[in-house]
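Chains as they are written, first to last, in the numbering used here: chain A, 1 to 553; chain B, 1001 to 1329; chain C, 2001 to 2132.
Every residue, glycine too, gets a C-beta built ideally from N, C-alpha and C.
Here you go:
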């Protein structure tokens, strides 16, 4: 190594420096999106303290830096899981059945905003939002329609639902029961990650404490009743979208994970009973190598946290399995076709980082809802990557790269520092309550915007290579304006036809259970079966728990 | 298309008494931006109306003040009052801009017809107190708002100055703000008529209550006779679920009653007016004498002389003061 | 910069929780010297108009990403007019398809800024409009 160090110094001074002096440097400084300074060249010197077995090891072995499974994509490609949902349950059901006929096995449900915030379609705040960014679900009736003729023992379903996750999960279980499918056979995920809602995504309902209790209720329910169900998808995706850098995405996501684990342990759950069902969700942004290193660093860090901090015994408890979505925030409204290329690079980073499943964005999403054509291009982007390029043929193909290993290390260390700081503040819930996390992200987001405004960060078509006349994209998916009315009417029909005394009884029971701090999954499950609506259930809980009121930090 | 008041808005006292929101809002803008122009109106409003009851609310960031204010206001409105809230945020020294974010937590009352909320920036007044705040109180009082809340964020001297305008001053804190409370300025302990310990479901609440009590005891040794003195209470609340809000409203009412009964011994209203008069004077002197002086050739010449050591800043000041004296008579 | 004494309301109508853009803009306008009232998420048209009225703002910036703009913006513009606030400069940003711009301009929204618009451009636009 010493000899190498001498040669390296010589090369730096006699080759690199004179050339740079002569020709100049393209940038004042070279750094990643997270402000990590980059060397011109990486060599064995940068990883000379790397211990292969303890820091990397083989795929499927602790700390899983190189991948959580021994075979990775050699036995099975990542799951191509496109998030979809729009309009009414009936339309979405048709789309799902079409996708399943095409050989897709996983569904990913997007709910509309009223559903995500626990309002029925006929509540005043729902105006204009019904069925818009996802499917509208008011009662079990809609859920029955959504999964009509879809065998729930054969598909896995991911549901992007957080604050009212318990209600939607209960409805899913109730639909399965009606189909005669045993709970133990249900496979899928509820996002159920409330902390990032306060940080980044904004679809919260209740204050943090009762919300964390609901999260834990779901953990408990899943560990007792749904052995194949992922009880949470701990999401860095939205934290990144809100403007964080890669280090913050890592640290805050794993920090949230720690908070959930602690709250489940406090409930008296056994770590190895629920930890194997925790899953993660990350963003794939533009800074290619940093993103790959981020995924690897996440696996190593989480394994360490689970084993060392929480004393997990099972291997599965230490494995960080994750879904990836390409960055919505990287999509530009200007020259939107360029986004196809951006998405392709981001998808490549996700594959090289060893993701378990992937959603690729459609190029027109900065303008509105994607059309069928743009959705197809997005899916084809993944298929070309998986089937034509050969990236799926070798496990962790960039492992051992001086740059990637060095960067993985740096990200692990930087994220660890953040996590220590969060511990000092009393954990993520406290750090969020104090506004620390939000301020950190806002600061980064603002700096990033300034970098783009100053052209220190180039965005093609936005601050360089702009075009005078932007071509207008006319082909935008429109949501039928009649939809809101018809959804309200169908909800009204359910209200008229159900047994009103049963509804009252369920709501009273739910209120009592919430006051007594019992696991709410059971009374909610009983209620949805008698067609109590999501707005009614959340209304009772709003009464008891209060509503979270955001602050400006 | 700059808004029309900039050019020709003329507001009469009758319009303000009629209480139309748009008129009130624009009167406040005039107070903030065109102060000279609005003094005749303020004169008339002041002499023809009574000042409202003022509640000052302050506390460290994150103590849940705005939520609390919303709850207090809701209570007052239910009793049939028209209520105004003046939410004050600091002006950035660097840019002169400000982010006014306190409406966020007042969603519940923001569309109530009996509630008027206005955000104001401090606009970097020396000593922290923007005289526009008091002028705004004059307008709102005249417009029929019988109770007015003045809310600030933070526990620094500026915030203390602002909430000291009020008849009753509420200091809000939370159990986890232990360190910040330890660092409370003596001024804040003295300014507070009621302390609110919000988020009282926090495990540290009892400890915090003890700390507060102790600090209050230490601060309360001034030798006033016990029967004349207001015993500063600590009220525990959970603003998000309304726990303790009724008691807080009762305590505020008690303090208001206490003021009416033994008023003169407590917060002399004269002090508020005297402060405001001083502020108006400072503002006026600055505008009329100091600002023109800074632009004047004589001043530039003095600066040169100081630089050349022909004179010194102290003698220059004395010379200028003598000048002022002459001009002021 | 010269944003002095310009008062702006940044509002998020609709239910989407994506406030990165709104916050970055609020901060940018503040640093350009403006006084910015930020009302937070999930504001109804009535809340937005009431805030604009009481705060007596010069400018309203509406940020929306849920796609409900065609439903909500006309309501806001109507209620502004009813309140006699038609002289306020109204701007919009977020996920708003090109094909909707014309319609929104026709109801009185002066400009729709796409994602990626530099803050400086927005500041200059506001200053120019208010100077006229």
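### Query
Per DSSP, residue 159(A) forms a beta bridge with which residues?
109(A), 190(A)
### Message
How far does the alpha helix (DSSP H) with residue 1089(B) in it extend, from its first residue to its last?
### Response
Segment 1083-1089 is the beta strand (DSSP E) holding residue 1089(B); no alpha helix (DSSP H) there.
### Query
Straight-line CA distance for residue 231(A) to residue 334(A)?
In a straight line, the C-alpha of residue 231(A) is about 39 Å away from that of residue 334(A).
### Message
What does the alpha-carbon distance come out to for the pair residue 203(A) and residue 341(A)?
### Response
C-alpha separation (whole angstroms): 31 Å.
### Task
Using a Cβ-Cβ cut-off of less than 9 Å, give me the residues of the segment 174-199 of chain A that come near chain C, in sequence order.
Going along the segment 174-199 of chain A in chain order, one finds 197 with a Cβ nearer than 9 Å to chain C.
### Message
To the nearest angstrom, how far is the alpha carbon of residue 1302(B) from that of residue 2027(C)?
### Response
Computed Cα separation, rounded: 41 Å.
### Task
Could you name the residues of the same chain whose beta carbon sits closer than 7 Å to that of residue 1276(B), not counting the 5 residues immediately before and after it, in chain order?
1131, 1134
### Neighbourhood of residue 176(A) by C-beta distance below 6 Å, restricted to the same chain and skipping five residues each side
152, 186
### Query
Any Cβ of chain B within less than 9 Å of the Cβ of residue 255(A)?
no
### Message
Rounded to the nearest angstrom, what separates residue 69(A) and residue 1170(B) at their Cα positions?
### Response
59 Å
### Query
To which residues does DSSP link residue 235(A) through a beta bridge?
Per DSSP, 281(A).
### Message
Taking DSSP's pairing of strands, which residues face residue 1116(B) in a bridge?
### Response
Partner(s): 1084(B).
### Query
Going by other Cβ atoms of all chains shown within 10 Å of its Cβ, with 16 needed for buried, is residue 440(A) buried or exposed?
buried
### Task
State yes or no: is the beta carbon of residue 1028(B) nearer than 9 Å to at least one beta carbon in chain C?
Chain C contact via Cβ: present.
### Query
In or out: residue 2084(C) buried (at least 16 other Cβ within 10 Å) or exposed?
exposed
#### Entry: Proximity test, Cβ basis, 9 Å: residue 1107(B) and chain C
yes
### Query
Can you tell me where the alpha helix (DSSP H) with residue 219(A) in it begins and where it stops?
208-225
### Query
In angstroms, rounded to a whole number, what distance separates the CA positions of residue 1266(B) and residue 1041(B)?
With a pLDDT of 46 at residue 1266(B), under the threshold of 50, the modelled position of that residue is not reliable, and no figure is offered here.
### Query
Under 9 Å between the Cβ atoms of residue 160(A) and residue 110(A)?
yes
### Query
Less than 9 Å separating the beta-carbons of residue 1056(B) and residue 1162(B)?
yes
### Task
Could you tell me whether the segment 494-513 of chain A touches the segment 161-173 of chain A, where touching means 3 or more Cβ pairs closer than 8 Å?
no
### Query
Under 9 Å, do residue 66(A) and residue 307(A) count as touching if we go by C-beta distance?
Cβ distance not < 9 Å, so residue 66(A) and residue 307(A) don't count as in contact.
### Query
Going by the beta-carbon positions, is the gap between residue 291(A) and residue 349(A) smaller than 9 Å?
A contact, by the Cβ cut-off of 9 Å.
### Task
Please name the residue or residues paired with residue 359(A) in a DSSP beta bridge.
Looking at the DSSP assignment, residue 359(A) forms a beta bridge with 325(A).
### Query
What are the boundary residues of the alpha helix (DSSP H) that includes residue 275(A)?
Residue 275(A) -> no alpha helix (DSSP H), and no H or E assigned at all.
### Message
In this structure, how does DSSP classify residue 302(A) when only helix, strand and coil are distinguished?
### Response
If DSSP states are grouped into helix, strand and coil, residue 302(A) belongs with the helices.
### Secondary structure of residue 2113(C), DSSP reduced to three states
strand
### Message
In this structure, how does DSSP classify residue 63(A) when only helix, strand and coil are distinguished?
### Response
coil
### Query
So residue 402(A) is in the alpha helix (DSSP H); what residue range does that whole segment cover?
Where residue 402(A) is concerned, the enclosing alpha helix (DSSP H) stretches over 402-424.
#### Entry: Between the CA atoms of residue 78(A) and residue 382(A) - distance to the nearest angstrom
10 Å
### Query
Buried or exposed: which applies to residue 1175(B), given that a residue is buried once 16 or more other Cβ atoms fall within 10 Å of its Cβ?
buried
### Message
Given this structure, state the Cα-to-Cα distance separating residue 2109(C) from residue 2055(C), to the nearest angstrom.
### Response
20 Å
### Query
Do residue 412(A) and residue 301(A) have their CB atoms nearer than 9 Å?
yes
### Message
Mapping the DSSP letters down to three states, classify residue 2013(C) as helix, strand or coil.
### Response
strand
### Message
Taking DSSP's pairing of strands, which residues face residue 11(A) in a bridge?
### Response
Answer by DSSP bridge pairing: none, since residue 11(A) is not bridged.
### Query
When the Cα atoms are used, what is the spatial distance from residue 372(A) to residue 2068(C)?
20 Å
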